[in-house]
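Per this note's numbering, residue 5 is the first one in the sequence shown, and the count goes up by one each step.
No residue lacks a Cβ here, since even glycine has one placed at the ideal position from N, Cα and C.
Taking it in order: structure first as structure tokens, then the write-up.
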Amino acid sequence: SADFETARRVAQAINAKMGQGVASAIDGRVIRLHAPTHPDARVSFLAEIEEIPLEATVPVAKVIVNTRTGSIVMNQAVTLGPCAVAHGNLSVSISATPVVSQPNPLSQGQTVVAEKTDIKISQDTGALIQMDAAPQLADLVRMLNGLGATPQDLLAILQAIKAAGAMNAELEVI
């Protein structure tokens, strides 16, 4: 499939290494190169281009739910922000707290601020599951499945989290 962003990035990387105007993206699959005409120089030129590093693009965060089968498929880019959801006898709470890591004074380290996320899921029966981790949707789905949530429960909860703006992903229902 054509990927215009990747084509643009490839052309930019080639131009940064080989000089401006050497490469141009024609479309999502084709990069035009202005290569040397002499065969030896052309081989060296192409060998250099093959060695240019290119960082992989981050995939778009996406969750796909099949309501007929109850399947939920997501990529690793999906994360959740703070929110609380109640659905039937299930209750989900996701909260984030900033955590500061201060290095020793003489270590020449840097102060880093990270986020500690707590996910709490409870059932009316009194069952409570708490998870301290990064807010990954896969963890939430696994915990809800452990409490016996149906595919319809999962879909309703995911839609509520998305509607609240706490899911950084596209939610596609098929």
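Output the distance between the C-alpha atoms of residue i and residue j, rounded to the nearest integer angstrom.
| i | j | result |
| --- | --- | --- |
| residue 115 | residue 143 | 29 Å |
| residue 168 | residue 151 | 23 Å |
| residue 68 | residue 54 | 36 Å |
| residue 171 | residue 78 | 12 Å |
| residue 31 | residue 14 | 12 Å |
| residue 135 | residue 106 | Because residue 135 carries a pLDDT of 47, less than 50, the predicted location of this residue cannot be relied on, and the following value inherits that uncertainty. Between residue 135 and residue 106, the C-alpha separation is close to 25 Å. |
| residue 166 | residue 111 | 42 Å |
| residue 179 | residue 175 | For the chain, the structure presents residues 5 to 178; residue 179 sits outside this window and is missing. |
| residue 131 | residue 73 | Bear in mind that the predicted position of residue 131 carries a pLDDT of just 49, short of 50, making it too unreliable to give a figure here. |
| residue 66 | residue 76 | 11 Å |
| residue 22 | residue 173 | 37 Å |
| residue 145 | residue 153 | 9 Å |
Terminal residues of the continuous beta strand (DSSP E) containing residue i?
| i | result |
| --- | --- |
| residue 36 | 35 to 37 |
| residue 4 | In this structure the chain extends from 5 to 178, so residue 4 is not present and cannot be described. |
| residue 111 | Per DSSP, residue 111 belongs to no beta strand (DSSP E) and is neither H nor E. |
| residue 70 | 66 to 70 |
| residue 174 | 174 to 177 |
According to the neighbour-count rule (16 or more other Cβ atoms, all chains shown, within 10 Å of its Cβ), is residue i buried or exposed?
| i | result |
| --- | --- |
| residue 20 | exposed |
| residue 117 | exposed |
| residue 158 | buried |
| residue 56 | exposed |
Rounded to whole angstroms, how far is the Cβ of residue i from the Cβ of residue j, which I believe are closer than 8 Å?
| i | j | result |
| --- | --- | --- |
| residue 43 | residue 49 | About 10 Å; that fails the 8 Å criterion. |
| residue 36 | residue 27 | 7 Å |
| residue 63 | residue 51 | That belief does not hold up - the Cβ atoms of residue 63 and residue 51 are roughly 30 Å apart, past 8 Å. |
| residue 178 | residue 70 | 5 Å |
List the endpoints of the continuous alpha helix (DSSP H) containing residue i.
| i | result |
| --- | --- |
| residue 15 | 8 to 22 |
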